[in-house]
Amino acid sequence: MIERMTSMERMIAVLTGQKPDRIPVNPFILGFAAKICEIPIGDLYANAKKSFRAQLLCAEMYGYDSTPMYAYASFGAWEFGGEIGFPYEPGQSAPYIIKHPVETPEDVDKLEVPDPKKAGSIPIAMELAKLCYENKMPVVFQVGEVLTTAANIAEPARLLSWMIRKPDVVHKLNKKVAEFFIEVAKYFTSTFGADKCMAFTGGPIESNKLISAKQFEKFVYPYMKQIHSKVLELGVNIILEHPCSDQNANLPYYVKLREELNWKGKYVWAFGPETPLEKQIECFGKYDVIMGNVDPPSFQFKSFEEVLLLCKDNIERGIKNPSGYILGVGCELPPLSPPINVYALIKAAREYGSFK
Amino acid sequence: MGKEEILKKLAEATVLGDVEMAVSYAKRAIEAGIDAYEAIMNGCAEGMRIVSEKYEKGEMYVPEILCSAEAMYAAMEILRPYLKAESIGERKKIVLGVVRGDIHDIGKNLVKLMLEAAGFQVIDLGKDVPNEKFIEMAIKENADIVGLSALMTTSMVVMPEVIKEIKKRNPKIKTIVGGGPLSPELAKLYGADGYGKDASEAVKVAKSLVGG
Ligand code: B12
Chain A
8 MIERMTSMER
18 MIAVLTGQKP
28 DRIPVNPFIL
38 GFAAKICEIP
48 IGDLYANAKK
58 SFRAQLLCAE
68 MYGYDSTPMY
78 AYASFGAWEF
88 GGEIGFPYEP
98 GQSAPYIIKH
108 PVETPEDVDK
118 LEVPDPKKAG
128 SIPIAMELAK
138 LCYENKMPVV
148 FQVGEVLTTA
158 ANIAEPARLL
168 SWMIRKPDVV
178 HKLNKKVAEF
188 FIEVAKYFTS
198 TFGADKCMAF
208 TGGPIESNKL
218 ISAKQFEKFV
228 YPYMKQIHSK
238 VLELGVNIIL
248 EHPCSDQNAN
258 LPYYVKLREE
268 LNWKGKYVWA
278 FGPETPLEKQ
288 IECFGKYDVI
298 MGNVDPPSFQ
308 FKSFEEVLLL
318 CKDNIERGIK
328 NPSGYILGVG
338 CELPPLSPPI
348 NVYALIKAAR
358 EYGSFK
Chain B
7 MGKEEILKKL
17 AEATVLGDVE
27 MAVSYAKRAI
37 EAGIDAYEAI
47 MNGCAEGMRI
57 VSEKYEKGEM
67 YVPEILCSAE
77 AMYAAMEILR
87 PYLKAESIGE
97 RKKIVLGVVR
107 GDIHDIGKNL
117 VKLMLEAAGF
127 QVIDLGKDVP
137 NEKFIEMAIK
147 ENADIVGLSA
157 LMTTSMVVMP
167 EVIKEIKKRN
177 PKIKTIVGGG
187 PLSPELAKLY
197 GADGYGKDAS
207 EAVKVAKSLV
217 GG
């Protein structure tokens, strides 16, 4: 096919309910971009300029449509006064926590909501955001998920057992985390203007491999709703939501969130491979965009032909979403994937996802 | 209260994650003259077996399991001093950890818990463990088994190196692997002696390899 649109035009078309020339591709590439550009993965998280450049060049080289962003799963520990390490050692692929700022319930009482201008990785995220802004790309900032962030602050096992032993402490911590994310949202929207911003949220600790739907309702839902309402109220129109891993049991609460927000704004749903596209279309298809969820490990281990087939299948199912579909991967694309397998995404989008 | 009932209550306290109840029935077990080893195996460990079954069925989640663990450890603390020398001597030793570059340790901790409940002595190296550390500790501790956990396709690739080196230094040490992206096929390819898809399988495999 001959491409008739730029990446930006293509994304905007989908987000405004129009037909693009082909479905856009957002492969959730972070560490892989560093590999392609032969810089350490650490730089992708520690150095805004190098990160921006690597993400941009990788996207240009393949022709996929997402723009650089800054986010990682261990977010929260450093921002609230702990310590993280950047992945510079062989085998490491993302930031990791060295010291959790909270060890006791008393620490939660003492914990102060940090100033977003100075907190942990936010200055790096802000520097990358400025580069996006200067290059007329959307600014993406991270606003959750609450429980994952709280777990990064207090150590996951400790936080999970407090959910039963000391639920009040968890609520106290979640409240501070929500307050912080709202401050982050204010900081980014006041710097760039809300219309230039997109919010990103998501997290693995919310997964039903760890917590039940009832626990999600109690410990996640109220804070998620508070943050999302505020972000929309600030004028941000697009929220990219990534319920990581198996969150099938939490689905009703994501639907409830949209209903209670009167389907305000445009959500882009990026569920894990465990949630069938058909189910997502049934839940959100009337209003929201759905991002594909091709199985991440397959990119590392399967052949090009097999990956191409997986992408084709994802397109054929996702394209049925009345409110738009973006081809995507169910979580971060494994950084060690053979480079040719990433091309399968673009090839599939061109061959099986073009519109006349 | 009879022996069977005390053991049943001990298991129940473990499942409920009720620390007080677990401690109280551990004490009763001793008072009633129940062998400590039997109390651990048919009380605490039986409770943990039920817990892990309930997790697989989606009837219990990780927060509840962590409370069960607390109850189990509290009871074991009471019972351990009463263990007879011969039952301690037989304890098999496992060096366990999450491989380099990987900090996903919730699954590894559940495996540790189930192995301890089943009577193994676990030397926990934690997470993001360098290859050399596994090798060094396996030899130094004269381990019966080394257990490697990895949750990411990016991190699991170091496993074959670790396994190969351990086998070279001491071919008698068995190796088992587990974690999301692994499979029986991959375990074989990596040269491991065993694979477990969850914590209760980890125990079964470990037992089948070294007895205990
Ligand atoms: C919770 C979680 C996190 C938490 C971990 C907290 C912690 N301290 O453990 C946090 C937020 C830190 C996190 C971070 C990241 N994560 Co994460 N995370 C998960 C998640 C949702 C659940 C893992 C879990 O705890 N499961 C519950 C436990 C009970 O199950 P389990 O671990 O599988 O363990 C059982 C069995 O596997 C087995 N077992 C485990 N070990 C062993 C060992 C032996 C010897 C045996 C016999 C058996 C055995 O028994 C256990 C008990 O039944 C998984 C999703 C998934 N599908 O697994 C993603 C996942 C593992 N994460 C993923 C990613 C990409 C990341 C990040 C790289 C994201 C980023 N870019 O920042 C970072 C990496 C951080 C790092 N440096 O390691 C990907 C990995 C993809 C890949 N390449 O393979 C996954 C698979 C999500 C996905 N769908 O893509 N994550």
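Same order as they appear, the protein sequences are chains A and B.
By this note's numbering, the letter at position 287 of the first sequence is numbered 294, and the numbering carries on one by one without gaps.
By this note's numbering, the letter at position 31 of the second sequence is numbered 37, and the numbering carries on one by one without gaps.
Glycine included, each C-beta is placed from N, C-alpha and C at the ideal position.
- Residues Thr-282 of the same chain have their beta carbon placed closer than 6 Å to that of Asn-255 (chain A), with the five preceding and five following residues left out of the count.
- Contact annotation for Phe-308 (chain A) against chain B: Thr-159 [CB-CB distance below 8 Å, chain order].
- The residue among A:Lys-193, A:Asn-142, A:Tyr-230, A:Pro-211 with its C-alpha nearest the C-alpha of Ala-185 (chain A) is A:Tyr-230.
- Excluding sequence positions up to five before and after Ile-129 (chain A), its CB lies within less than 6 Å of the CB of Pro-123, all in the same chain and listed in chain order.
- Within chain B, the residues Tyr-67 have their CB atoms less than 7 Å from the CB of Ser-219 (chain A), given in chain order.
- In this structure, A:Lys-286 is the residue among A:Tyr-261, A:Lys-273, A:Lys-286 with its C-alpha nearest to the C-alpha of Lys-327 (chain A).
- Put simply, the backbone Cα of Leu-258 (chain A) is about 49 Å away from that of Pro-177 (chain B).
- By the neighbour-count criterion, in which a residue is buried when 16 or more other Cβ atoms sit within 10 angstroms of its Cβ, Tyr-95 (chain A) is exposed.
- Annotated three-state conformation of Lys-286 (chain A) is helix, per DSSP.
- Around the C-beta of Lys-146 (chain B), fewer than 16 other C-beta atoms lie within 10 Å, and the residue is accordingly described as exposed.
- Taking the Cβ of Pro-303 (chain A) as the reference point, at least one heavy atom of the ligand B12 falls within a distance shorter than 6 Å.
- Under the three-state reduction of DSSP, Trp-169 (chain A) is assigned to helix.
- With respect to Glu-167 (chain B), Asn-137 (chain B) sits close: the two C-beta atoms are nearer than 7 Å.
- Here DSSP, grouped into helix, strand and coil, assigns Asn-33 (chain A) to strand.
- Taking C-beta separations shorter than 7 Å and ignoring five residues to either side along the sequence, the partners of Ala-38 (chain B) in its chain run Lys-9, Ile-12, following chain order.
- Between the stretch 17 to 29 of chain B and the stretch 338 to 352 of chain A, the count of Cβ pairs shorter than 8 Å is below three; the stretches do not touch.
- The Cβ-Cβ distance between Tyr-196 (chain B) and Met-158 (chain B) does not fall below 7 Å.
- By alpha-carbon distance to Leu-22 (chain B), the top candidate from B:Ile-40, B:Lys-33, B:Ile-36, B:Glu-52 is B:Glu-52.
- Residues of chain B with a Cβ closer than 7 Å to the Cβ of Gly-98 (chain A) are, in chain order, Arg-106, Gly-107, Ser-161, Val-164.
- Taking all protein chains shown into account, Ser-14 (chain A) has 16 or more neighbouring C-beta atoms within 10 Å of its C-beta and is therefore buried.
- Relative to the ligand B12, even the nearest heavy atom lies 6 Å or more away from the CB of Thr-156 (chain A).
- With a threshold of 6 Å, the Cβ atom of Leu-166 (chain A) does not count as near the ligand B12, since no heavy atom of the ligand is closer than that.
- At a cut-off of 7 Å between C-beta atoms, Pro-187 (chain B) counts as an interface residue with respect to chain A.
- Distances from the CA of Glu-134 (chain A) to each of A:Ala-55, A:Val-109, A:Tyr-103 were compared; the closest alpha carbon is that of A:Ala-55.
- Closest by C-alpha distance to Phe-207 (chain A), out of A:Gly-242, A:Glu-16, A:Val-150, is A:Val-150.
- Distance from the CA atom of Ala-101 (chain A) to the CA atom of Glu-339 (chain A), rounded to whole angstroms, is 10 Å.
- Excluding its 5 nearest sequence neighbours in each direction, Ala-198 (chain B) has C-beta neighbours in its own chain below 8 Å: Leu-154, Met-165, Ile-169, Thr-181, Ile-182, Val-183, listed in chain order.
- Residue-level contact by beta carbon holds for Leu-72 (chain B) and chain A, with a gap shorter than 7 Å.
- The nearest non-hydrogen atom of the ligand B12 is less than 6 Å from the C-beta of Asp-108 (chain B).
- Inclusion of Pro-34 (chain A) and Tyr-79 (chain A) in the CB contact set at 7 Å is not warranted, their separation being larger than that value.
- At least one CB of chain B lies nearer than 7 Å to the CB of Tyr-103 (chain A).
- Using a Cβ-Cβ distance cut-off of 8 Å, the stretch 307 to 324 of chain A and the stretch 247 to 254 of chain A are not in contact, since fewer than three pairs of beta carbons, one from each stretch, lie closer than that value.
- In chain A, no part has a C-beta under 7 Å from the C-beta of Ile-172 (chain B); the shortest such distance is about 17 Å.
- Under the three-state reduction of DSSP, Val-104 (chain B) is assigned to strand.
- For Asp-116 (chain A), the uninterrupted alpha helix (DSSP H) segment begins and ends at 112 to 117.
- Close partners of Gln-222 (chain A) in chain B (Cβ separation under 7 Å): Tyr-67, Pro-69.
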